[in-house]
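Residue numbers (my numbering): 145 to 400.
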């Protein structure tokens, strides 16, 4: 597929060094897009990914960025537009590690930090990108969570802020459609990489919990970051040109 070969400018992938973000960046490149990558801490991984992209023949650049910094995020977007000549897609695949904990044990300060690092960070990225997406008739895709449809116990610290992101995406779809801008979400279920992998590694999910989780998924298996990338790249492409304001859960039918 060459969905993005003829699209001027680049795709922005925020959170490009995470398991999901990196898979999305690679698939966008496979399908003909240049990429502007952001990362928060892992400079080595970002540089390696950018080098990999350049070896494939596409253009890439990486920026260290804390998306909760409004001014720095706006500067990044201006630099990306100047370097690539525009932006045709914005993918939000960022967000801090979220421990699994009952809401009764989440302090207001902890919840506030999560909202700032996820919901507010998302808005900091998207709001200044809208003029550029209008120019290109571009697309926004936010990676959220399937937990906003079927709530897993102890996942409120993730599902709450992600639910707010999904509400903002619907608002953007409703308001920006007249300018040719589309906005959608992809909601990952349990994956073998990405956030779920970190929960497994951290011990938040033990083998017993994993078995229970797997039994709640009709397909009886976990997905991969590439499964998420397929959905993101489809929604960002012209093949999804009449799809906006939607959330596509990639969860093995967990939410059914």
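Every residue gets a Cβ at the ideal spot worked out from N, C-alpha and C, and that includes glycine.
To the nearest whole angstrom, what separates the beta carbons of residue i and residue j, a pair I think is in contact under 8 Å?
i, j, result
"residue 277", "residue 331", "Actually they are not in contact, since the Cβ atoms of residue 277 and residue 331 sit about 22 Å apart, beyond 8 Å."
"residue 363", "residue 397", "6 Å"
"residue 235", "residue 156", "7 Å"
Under three-state DSSP, which class holds residue i?
i, result
"residue 332", "strand"
"residue 195", "helix"
"residue 297", "coil"
"residue 150", "coil"
"residue 209", "coil"
"residue 313", "helix"
"residue 369", "helix"
"residue 397", "coil"
Pull the bridge partners of residue i from the DSSP assignment, please.
i, result
"residue 156", "180, 234"
"residue 402", "Outside the modelled stretch of the chain, which goes from 145 to 400, sits residue 402, for which no answer is possible."
Considering residue i, what are the terminal residues of the alpha helix (DSSP H) in which it resides?
i, result
"residue 280", "265–280"
"residue 255", "252–259"
"residue 352", "351–359"
"residue 172", "163–174"
Going by the C-beta, is residue i closer than 6 Å to any heavy atom of the ligand SAM?
i, result
"residue 337", "This structure lacks the ligand SAM, and indeed carries no ligand of any kind."
Would you mind reading off the limits of the beta strand (DSSP E) that contains residue i?
i, result
"residue 217", "First-last for residue 217: 214–228, but that is the alpha helix (DSSP H), not the beta strand (DSSP E)."
"residue 394", "391–394"
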